[in-house]
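Sequential numbering from 42 applies to the sequence shown in this note's numbering. Quick notes on the structure that follows.
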Amino acid sequence: MRYGYFDEENREYVIDRVDLPVSWTNYIGTKDMCGVFNHTAGGYLFYKFPEYHRITRFRPNSVPMDGPGHYVYLRDDDTEDYWSVSWQPVGKPLDKASYSCRHGFSYSKYICDYNGIHAQQKLFVAPDDPVEIWDVTIKNTDIKPRNISVYSYVEFSFHHIDMDNRNFQMSLYAAGSKYENGIIEHDLYYEENGYQFFASNFKPDGYDCLRDSFIGDYHTEKNPIVVEKGICTNSQDTTLNHCGCLQNRLALAPGEEVRLIYLLGEGNVSNGKKMREKYANFEAVDNQFNKLSKFWDDKCEKLQIQTPDEGLNTLTNQWTLYQSEINVMFSRFSSFVEVGGRTGLGYRDTAQDAMCIPHSNPQKCKQRIVELLQALTTTGYGLHLFEPIWFDKNREDQSFKSPTVVPVPDKESFVHDIKDACADDALWLIGAIVNYIKETGEFRFIDETITYADGGEGSVYEHMIRILDFSIREAGANGICKGLRADWNDCLNLGGGESAMVSFLLYWALKQFVELAGYLARTNDAKKYEENAENIKNVCEDVLWDGKWYIRGITADGRKIGTHTDTEGKIHLESNTWAILSGAASEERGKIAMESVKEHLMTKYGLMLNAPPYTKPDDSIGFVTRVYPGVKENGAVFSHPNPWAWAAACNLGLGTEAMKFYDALCPYHQNDNIDVRQSEPYSYCQFIYGTAHSYHGRARHPFMTGTAGWAYFASTQYILGIQPDFDGLIIDPCIPKDWKEFSIVRKWRGGYYHITVKNPDGVEKGIRKMLIDGNPVDKLPILAEGNECRVEVVMGVAG
Ligand code: NOJ
42 MRYGYFDEEN
52 REYVIDRVDL
62 PVSWTNYIGT
72 KDMCGVFNHT
82 AGGYLFYKFP
92 EYHRITRFRP
102 NSVPMDGPGH
112 YVYLRDDDTE
122 DYWSVSWQPV
132 GKPLDKASYS
142 CRHGFSYSKY
152 ICDYNGIHAQ
162 QKLFVAPDDP
172 VEIWDVTIKN
182 TDIKPRNISV
192 YSYVEFSFHH
202 IDMDNRNFQM
212 SLYAAGSKYE
222 NGIIEHDLYY
232 EENGYQFFAS
242 NFKPDGYDCL
252 RDSFIGDYHT
262 EKNPIVVEKG
272 ICTNSQDTTL
282 NHCGCLQNRL
292 ALAPGEEVRL
302 IYLLGEGNVS
312 NGKKMREKYA
322 NFEAVDNQFN
332 KLSKFWDDKC
342 EKLQIQTPDE
352 GLNTLTNQWT
362 LYQSEINVMF
372 SRFSSFVEVG
382 GRTGLGYRDT
392 AQDAMCIPHS
402 NPQKCKQRIV
412 ELLQALTTTG
422 YGLHLFEPIW
432 FDKNREDQSF
442 KSPTVVPVPD
452 KESFVHDIKD
462 ACADDALWLI
472 GAIVNYIKET
482 GEFRFIDETI
492 TYADGGEGSV
502 YEHMIRILDF
512 SIREAGANGI
522 CKGLRADWND
532 CLNLGGGESA
542 MVSFLLYWAL
552 KQFVELAGYL
562 ARTNDAKKYE
572 ENAENIKNVC
582 EDVLWDGKWY
592 IRGITADGRK
602 IGTHTDTEGK
612 IHLESNTWAI
622 LSGAASEERG
632 KIAMESVKEH
642 LMTKYGLMLN
652 APPYTKPDDS
662 IGFVTRVYPG
672 VKENGAVFSH
682 PNPWAWAAAC
692 NLGLGTEAMK
702 FYDALCPYHQ
712 NDNIDVRQSE
722 PYSYCQFIYG
732 TAHSYHGRAR
742 HPFMTGTAGW
752 AYFASTQYIL
762 GIQPDFDGLI
772 IDPCIPKDWK
782 EFSIVRKWRG
792 GYYHITVKNP
802 DGVEKGIRKM
812 LIDGNPVDKL
822 PILAEGNECR
832 VEVVMGVAG
């Protein structure tokens, strides 16, 4: 069953059946202000910090689902009938009203036709200001004149998520609202500059600033008393809960259309006035919207592909890039699942996100890398969760102690010790740094001086060495890296036991560092760490091979996990993909391990993380054994490691296999299977229930998952084989043998490469020849800024 379709031309996903089983989400905002919205305009808005500066309220995990939102109500003043422009909250029967939603890049549109009135509400954040714009049009499609009242509605939040959810004894009595000159001001009195404004481009016929006056006793957002009666109460006051309702009474002749602009922004009423002056005219609004489109055009044009796989094309050219960007912009902590209540950035997630898209967002990726370097301890591990503001020397302190100020704890309390360190966290940063340099050519970055979280400073290069030395040092009894609090798998808590995945990850990080050091002619370092890499590889091969696959680790009491003798957790995806992806596994073992992965872990919807799932709690393995079988880390199709398998398959030259893995997970291919998948088909979800669960195939936790970055990285760098290098662009695809041809346009270091890859012999890997503007090359050279070239690649046997 399908609920919508991809509109590639407009870069939108169109939901034409809005009675979805779960929210289908989108993100608006590209800088500091961010809104998370679903297909019925439910959601919330925050400024910079989802934990400390929430603008509109969200009732997480609640009924009705994922609300309240940013709503527009319409009321026929002749019949007293009312509805909303988004299907919810009023929820008119769908056989009487027609509803759709278009999620675009950093905007969403809600469209409705009901009883002779066509209406549309478009939500986006102005690229130039922290203001959410609602661009609303209402058209009388009837043959008679219509009297329609329009009511906006948002419910303001107390800024701090805790004060908004846990303890109101201060917040509820220290928040106020007022209406002045057509503008509503929400005031968090206990804060310095704790204001929001809500304004419109028309002179309101009425207003309400008090939520309970608008909604009414024993009413809900579905039937607010103000809309039901058709009269605003003009409420405003100090204390209690506040909202933004501005009323506009319209008399619409047949065929007449009006356009209304609403502005929800940071700052007090006088800022609201300024913003209204700036954005009350349509041209200014259109300019901002066009600027937003241009913002995304510029990103998308960095890489466009045309292959025989439609899903790969649409996702790579549009949605997976978008999803990866959203992760880099807003990290993991703002969705309908992670509702903003966790501190700042996660070390490993941020590092991987930043590694995957430096081509489309070099500034933000670099910013993230620097933030992570600042959160590295001199011991060499990263702070697992941190707020970049802790390390911001230009931070402005508030003049008084307010409960909502972003707390900056003492170093002693935020620098956790090794027992809370995750064994993988900082290793990902090596990949992020090396990829950033390969993409941008910014070699001087290596010598920039950056502070450490626990004091002192060093160059980026020195930070890298501390990361590697830490993991080399922290090896367990068998010479494999310790598992510590967790490795990539949050639920595998091996402590002083050992993690196969981390040793392979260390090997991967070392190889990248050696390549960099070698390129920079830091030969002693290159030699030293190459030796370390060799040593680790040998230990891995000695200790971790189980005959048909690599084990997952060793518990602190010396028990191997992920072996053929295990009845639960017999085989794991992470260690096997990383053995191959890192290059540590021999080709022979790699191929055997890949076969085993396919045999034990492959499903219709992608590869499961492990099998069979655990059914008995075992704390020497970790929390994974306390998760229901087939769910999340315990035997679900955990999406994030799936692209590792695509990359691993490519390392083995298995292009057909890689694409089979890709297609199984690809949400695009699930567009017509929503009765099973439930979640949106334009973003990867964190997991899909595994075969051990009756919900097998159901996807959960969209958008905020490291899958996006890795899916983008693995499909473009490994399957399509476009790999930036320090001194040129490598093209080394690994594709299904039945692909005859594909093409790529890549913008790299200022030049444009128009690449056509032909596969006349039906191979999966290997280049017979590569011609740039007709001349043979092994690697594409760096072009002068703005220059273009045509590249023809013929796959086949070299020479
Ligand atoms: C989600 C977490 O954000 C991520 O850090 C972790 O790697 C995965 N879960 C797997 O446990």
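Just so you know, even glycine gets a beta-carbon here, dropped at the ideal spot from N, CA and C.
Tell me where the beta strand (DSSP E) around residue i begins and ends.
i      : result
Arg831 : 829–836
Glu307 : 298–307
Met74  : 74–78
Glu571 : Careful: Glu571 lies outside any beta strand (DSSP E), inside the alpha helix (DSSP H) at 564–585.
Ile189 : 187–194
Ile474 : Unbroken run through Ile474 is the alpha helix (DSSP H), 468–481; no beta strand (DSSP E).
Ser661 : Looking at the DSSP string, Ser661 is not in any beta strand (DSSP E), and its letter there is neither H nor E.
Thr355 : Where Thr355 is concerned, there is no enclosing beta strand (DSSP E), although the alpha helix (DSSP H) it sits in stretches over 351–355.
Lys219 : 216–221
Met811 : 808–813
Asn289 : 283–293
If I measure Cβ to Cβ from residue i and keep anything under 7 angstroms in the same chain, skipping five residues before and after, which residues do I get?
i      : result
Lys244 : Gly223
Lys185 : Pro295
Glu366 : Lys340, Ile398, Ser401, Asn402
Val447 : Phe90, Tyr93, Glu428, Ile430
Gly762 : Ile772, Asp773, Pro774, Cys775
Leu821 : Gly769, Leu770, Ile772, Tyr794, Ile813, Val832
Lys30  : With the chain running from 42 to 840 in the structure shown, residue 30 is simply not present.
Give a single yes or no on whether residue i has its beta carbon closer than 8 angstroms to a heavy atom of the ligand NOJ.
i      : result
Thr280 : no
Grab me the residues of residue i's own chain with a C-beta within less than 6 angstroms of its C-beta, minus the 5 sequence neighbours each way, in chain order.
i      : result
Val166 : Ile69, Gly70, Met74, Glu173
Ile256 : Pro265
Phe374 : Pro91, Gly381, Arg383
Asn828 : Gly792
Phe688 : Phe is not the amino acid found at residue 688; the sequence shown has Ala there. Here the set comprises Leu622, Ala755, Tyr759.
Asn39  : Any question about residue 39 goes unanswered here, given that the chain covers just 42 to 840.
Val818 : Met811
Asn282 : Arg252
Ala626 : Ala620
Asn188 : Asp118, Asp119, Ala292
Arg409 : Thr391, Ala395
In the DSSP assignment, find the alpha helix (DSSP H) that holds residue i and state where it starts and stops.
i      : result
Met505 : 501–514
Phe255 : 252–256
Trp685 : 683–692
Asn368 : 361–371
Phe330 : 323–341
Asn206 : 202–206
Gly313 : 310–320
His795 : No alpha helix (DSSP H) holds His795; the beta strand (DSSP E) holding it covers 792–799.
Cys775 : First-last for Cys775: undefined, no H or E at that position.
Report back the beta-carbon spacing between residue i and residue j to the nearest angstrom; my notes put them in contact at under 8 angstroms.
i      : j      : result
Val543 : Ala464 : 4 angstroms
Ala686 : Val638 : 7 angstroms
Met505 : Phe545 : Actually they are not in contact, since the Cβ atoms of Met505 and Phe545 sit about 18 angstroms apart, beyond 8 angstroms.
Gly676 : Ala733 : 5 angstroms
Leu164 : Ser241 : That pair is no contact at about 14 angstroms.
Asn79  : Thr97  : Not confirmed; about 13 angstroms, so no contact.
Asn298 : Thr481 : The residue you asked about is not Asn; residue 298 is Glu in the sequence shown. With 8 angstroms as the limit, Glu298 and Thr481 do not qualify as a contact, their Cβ atoms being about 47 angstroms apart.
Asn692 : Gly624 : 7 angstroms
Ile595 : Leu642 : Between Leu642 and Ile595 the Cβ distance is about 21 angstroms, and since that is not below 8 angstroms, they are no contact.
Thr279 : Ser254 : Between Ser254 and Thr279 the Cβ distance is about 14 angstroms, and since that is not below 8 angstroms, they are no contact.
Asn530 : Glu615 : 6 angstroms
Considering only residues of the same chain and omitting the five flanking positions on each side of residue i, which have a CB-CB separation below 8 angstroms?
i      : result
Arg100 : Gly108, Pro109
Gln415 : Pro429, Phe432, Ile491, Thr492, Tyr493, Ala494
Ile202 : Pro91, Glu92, Tyr93, Arg95, Val380, Gly381, Gly382
Leu547 : Leu468, Leu509, Ser512, Ile513, Cys522, Ile577
Asn312 : Tyr236, Phe238, Gly306
Between residue i and chain B, is there a C-beta pair that is closer than 9 angstroms?
i      : result
Thr757 : This model lacks chain B altogether; it includes just one protein chain.
Worksheet item: For the ligand NOJ, which residues count as neighbours when the test is a C-beta closer than 7 angstroms to any heavy atom?
Response: Arg373, Gly387, Arg389, Asp390, Trp529, Asn530, Asp531, Cys532, Glu674, Phe679, His681, Gln727, Gly747
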